[in-house]
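Residue numbers (full-length UniProt numbering): 1 to 209. Just so you know, even glycine gets a beta-carbon here, dropped at the ideal spot from N, CA and C.
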Amino acid sequence: MSRMDALLDCASKGAFLASIHSDEENDAIKDLLMKGKVSRAYIGLQSKKYDVAQRYWSDGTPVNYFKWMSGKPDNGKYEDDGCVVISAKGGFWDDWACEVNADVEISAAVCQINKRMCPEGFAYFSVTNNCYRYSALRLFIGLKLVDGEYVWTDGEPYDYSNWDKAKPTSGSRQECAVMIPARNGIWDDWKCISSCKKCMVYGAICEIE
1 MSRMDALLDC ASKGAFLASI HSDEENDAIK DLLMKGKVSR AYIGLQSKKY
51 DVAQRYWSDG TPVNYFKWMS GKPDNGKYED DGCVVISAKG GFWDDWACEV
101 NADVEISAAV CQINKRMCPE GFAYFSVTNN CYRYSALRLF IGLKLVDGEY
151 VWTDGEPYDY SNWDKAKPTS GSRQECAVMI PARNGIWDDW KCISSCKKCM
201 VYGAICEIE
């Protein structure tokens, strides 16, 4: 997920990438990530391109609080690491490339709506009076094409589906299934392994009994 993906996903819900102005707000977002088992996510802090000294929040609020992890930010003045992610481990911030990084993917964004009545899928935090959610673009589910038939990896019967229109694609090499949260959880067929950066899947839904 790039920062632009994160911005667009929040905007589609009438939200901004989250701005943070206190330890209480930062802890609320950290707890949200931990609850969702998300390791790190984009927040709304960004610098002007190739000028990391000038940082701003995407919602226009003042920059009056930081929670950098030790040794951060460490990007050089002319490096394009002007975006910021928050880690679920301690709630500390790291400066990050705004584009997709093939080595370490950012799987989520923290979206914020400044209103007490939260839309479906958002969690309300009384300490901040804001609504938040983390958001992912695509998530692997445990469905896979084997010998021409779809099977669940846990052995359960394949008796339910939520495929997008015209999916799955007949005769394709896209053997795995992904869910798209932003489109009401519809499914798409997808390559299990791909070298295409724009085609990457950014998370998985895990189940334990």
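Counting C-beta neighbours from all protein chains within 10 Å, is the total for residue i 16 or more, i.e. buried, or is it exposed?
{"i": "Glu-120", "result": "exposed"}
{"i": "Trp-96", "result": "buried"}
{"i": "Arg-133", "result": "buried"}
{"i": "Val-110", "result": "buried"}
{"i": "Gln-46", "result": "buried"}
{"i": "Arg-138", "result": "buried"}
{"i": "Lys-30", "result": "buried"}
{"i": "Asn-64", "result": "exposed"}
{"i": "Asn-130", "result": "buried"}
{"i": "Glu-8", "result": "Reading off the sequence shown, one finds Leu at residue 8, where the question assumed Glu. Counting Cβ neighbours within 10 Å, Leu-8 comes out exposed, since fewer than 16 surround it."}
When DSSP labels each residue in this structure, what does residue i get in the three-state scheme?
{"i": "Asp-31", "result": "helix"}
{"i": "Asn-64", "result": "coil"}
{"i": "Glu-25", "result": "helix"}
{"i": "Ala-6", "result": "helix"}
{"i": "Arg-138", "result": "coil"}
Measuring straight from C-alpha to C-alpha, what distance separates residue i and residue j?
{"i": "Ser-12", "j": "Phe-92", "result": "27 Å"}
{"i": "Trp-187", "j": "Ile-193", "result": "17 Å"}
{"i": "Gly-44", "j": "Met-179", "result": "25 Å"}
{"i": "Lys-67", "j": "Asp-154", "result": "41 Å"}
{"i": "Tyr-150", "j": "Ser-22", "result": "48 Å"}
{"i": "Ser-39", "j": "Pro-62", "result": "26 Å"}
Closest to residue i by CA distance: which of the options is it?
{"i": "Ser-2", "options": "Gly-14, Lys-144 and Val-84", "result": "Val-84"}
{"i": "residue 219", "options": "Tyr-160, Asp-94 and Trp-190", "result": "Residue 219 lies beyond the range of the chain shown here (1 to 209); nothing can be said about it."}
{"i": "Cys-98", "options": "Lys-89, Gly-82, Ser-87 and Gln-112", "result": "Gly-82"}
{"i": "Asp-74", "options": "Ala-53, Ala-177 and Trp-163", "result": "Ala-53"}
{"i": "Ile-106", "options": "Cys-118, Asp-164, Phe-125 and Lys-37", "result": "Lys-37"}
{"i": "Ala-18", "options": "Asp-31, Phe-140, Met-4 and Ser-58", "result": "Ser-58"}
{"i": "Gly-142", "options": "Tyr-160, Leu-32, Glu-25 and Ser-70", "result": "Tyr-160"}
{"i": "Gly-71", "options": "Ile-86, Asp-94 and Gly-14", "result": "Asp-94"}
{"i": "residue 210", "options": "Phe-140, Asn-184, Gly-148 and Arg-40", "result": "Residue 210 cannot be examined here, being either before or after the span of the chain that is shown, 1 to 209."}
{"i": "Asp-164", "options": "Lys-35, Gly-14, Pro-62 and Arg-183", "result": "Arg-183"}
Across which residues does DSSP place residue i in a beta bridge pair?
{"i": "Lys-13", "result": "Looking at the DSSP assignment, Lys-13 forms no beta bridge with any residue, so it has no partner."}
{"i": "Gln-112", "result": "Phe-16 and Tyr-132"}
{"i": "Lys-144", "result": "Val-151 and Cys-176"}
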